[in-house]
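Start counting the sequence shown at 1; every next residue gets the next number (our numbering). By construction, the Cβ of each residue, glycine as well, lies at the ideal position given by its N, Cα and C atoms.
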Amino acid sequence: MGWNSWNRFGPFISERLVLETADAMIKSGMRDAGYRYVVIDDAWHESVRDDDGDLTENRWAFPHGLRWLADRIHERGLLFGLYTDAGTRTCQGYPASLGNEMRDAKKFADWGVDFMKVDWCHTEGLRGRTTYPKWSEAINASGRPMVLSISEWARDKPWEWAGSVGHMWRTTSDIADTWASVMAIADSQADLHPFAGPDRWNDPDMLEVGNGGMTDDEYRSHFSLWAMLAAPLMAGNDLRAMSGATRAILTAPEVIAVEQDPLGRQGRRVQTRGSSEIWARELRDGAHAVLLLNRGDAPVTVRVIWEDLGTSGSRNASVRDLWERADLGDHDGWYLRSLAPHACAMLKVAFR
Ligand code: GLA
């Protein structure tokens, strides 16, 4: 869990933005909710390597340098993430790491980086499954533990090979701040649940919650889906200027508890009926998280039948609403809920 500069700020990043974001992460309660990584994405760079051949930060944007910035982030009880690219140039045209994997991982380690995002622009002729293992070797050789975030956009089916290489791998091309984008990503993730588990996560891309292109109901559905998918939760909005609704979505404690459930089992889509869907995720305590989702433009009533959750025997279950943080009582065999357009309900269902 963390924050990444890209979705909201693109290449317009600076030391000041990063520090203010780190402070906002604390003040808003996000750090307490579990967010830790402050990640600088593309365009932190100087346009050429330095005389030693190292990547170097743009001193206009980062006047005290990245080592200093990492120290300030660590002082705040947070962790520091940084971006590079596996090819010849980053997506924004800055120097990238092909042929310099060892050198750049070492430099990141010297700077105090805890999380490396390695992107996939300008990689003509390369394959993910032979390129990224060089990055795990480089990180091991650097002597500093760093999360390896593989960002190759599902080109080489990373779920087949990335589990033993990195900690998370993008399973989609880039998200956009639209309902259509979130729904398309949900569809593309539905069959990937067998590949995820503790320390090896499918990554359906960073959050758009709070960026303005969707309604709060839509953002709740977006966030709920990511929680059901056991996805990394990288906030992508301006943490310094959040609405109360955005803050409440990003810090919802019972939704995050599902998202971070230690069993680490990714949810599945168990039913599609008209414009409504049901997703289910097994939890360590034996209960199920259940998402009822209305993808359509008209209100619907959705019924979840306990048998569809793949549980045997017991018909009686207690139901809790995880967004409302309210017990809904015991239900025999099924539960029924009306949903506004693009809205969802997220439940915890515990069998007796
Ligand atoms: C690619 C990645 C994005 C972001 C940009 C930066 O598009 O998929 O997440 O890192 O590059 O240029």
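Top-ranked residue by Cα proximity to residue i, from the options
i	options	result
aspartate 332	Arg315, Leu347, Gly143	Arg315
leucine 82	Asn100, Lys117, Asp50, Asp52	Lys117
serine 181	Leu225, Gly310, Ala162	Leu225
histidine 167	Gln189, Ile175, Tyr132, Ala184	Tyr132
glycine 212	Asp205, Asp177, Ser188, Gln189	Asp177
tyrosine 35	Ile13, His64, Phe80, Arg127	Phe80
serine 221	Asn237, Phe195, Asp327, Ala186	Ala186
tryptophan 60	Arg49, Asp50, Asp51, His45	His45
valine 9	Thr130, Leu292, Glu208	Residue 9 is actually phenylalanine in this sequence, not valine. The option with the nearest alpha carbon to phenylalanine 9 is Glu208.
alanine 70	Tyr37, Ala289, Tyr94	Tyr37
glutamine 189	Ser164, His122, Trp153, Thr215	Trp153
Contact check, residue i vs residue j, beta carbons under 7 Å
i	j	result
aspartate 203	tryptophan 169	yes
threonine 90	leucine 239	no
phenylalanine 223	isoleucine 249	yes
alanine 230	glutamine 266	yes
arginine 356	methionine 25	Only positions 1 to 352 of the chain appear in this structure, which leaves residue 356 out of reach.
asparagine 294	serine 318	no
threonine 272	alanine 33	no
glutamine 92	alanine 43	yes
serine 97	threonine 84	yes
arginine 284	histidine 193	no
serine 428	aspartate 41	Beyond the ends of the chain as shown, which are 1 and 352, falls residue 428; an answer cannot be given.
methionine 206	glycine 244	no
methionine 234	glycine 2	yes
threonine 350	alanine 287	Going by the sequence as given, residue 350 is alanine instead of threonine. Yes, these two residues count as a Cβ contact at 7 Å.
CB-CB length for residue i against residue j, believed under 8 Å
i	j	result
glutamate 57	leucine 66	5 Å
glutamate 134	glutamate 101	A small correction: the amino acid at residue 134 is lysine; glutamate does not occupy that position in the sequence shown. With a Cβ gap of about 5 Å, lysine 134 and glutamate 101 count as contacting.
histidine 339	valine 302	A quick correction: the sequence has leucine, not histidine, at residue 339. The pair is a contact, with the Cβ atoms about 6 Å apart (cut-off 8 Å).
methionine 242	serine 14	With a Cβ gap of about 19 Å, methionine 242 and serine 14 do not count as contacting.
aspartate 321	alanine 343	Actually they are not in contact, since the Cβ atoms of aspartate 321 and alanine 343 sit about 13 Å apart, beyond 8 Å.
arginine 155	tryptophan 120	7 Å
arginine 103	aspartate 54	7 Å
tryptophan 279	glutamate 218	16 Å between Cβ atoms; not a contact.
proline 95	arginine 49	5 Å
Near the ligand PLP: residue i beta-carbon under 6 Å from a heavy atom
i	result
tryptophan 226	Within the structure as shown, the ligand PLP is missing, the only ligands being the ligand GLA.
Contained beta strand (DSSP E) runs [length at least 3] in the region 189 to 213, N- to C-terminal order: 201 to 203
Count the CB pairs spanning the region 260 to 271 and the region 322 to 332 that are closer than 8 Å, and state whether there are at least three. With the cut-off at 8 Å, the region 260 to 271 and the region 322 to 332 do not touch.
Which runs of the alpha helix (DSSP H) spanning at least 4 residues fall entirely within the region 225 to 309, listed in chain order? 244 to 250, 253 to 259
When the Cβ atoms of the region 102 to 110 are set against those of the region 138 to 148, are three or more pairs found closer than 8 Å? Contact between the region 102 to 110 and the region 138 to 148 is present, because at least three Cβ pairs lie under 8 Å.
For the region 138 to 169, which segments carrying the beta strand (DSSP E) assignment without a break, of at least 3 residues, lie completely within its bounds, in sequence order? 147 to 150
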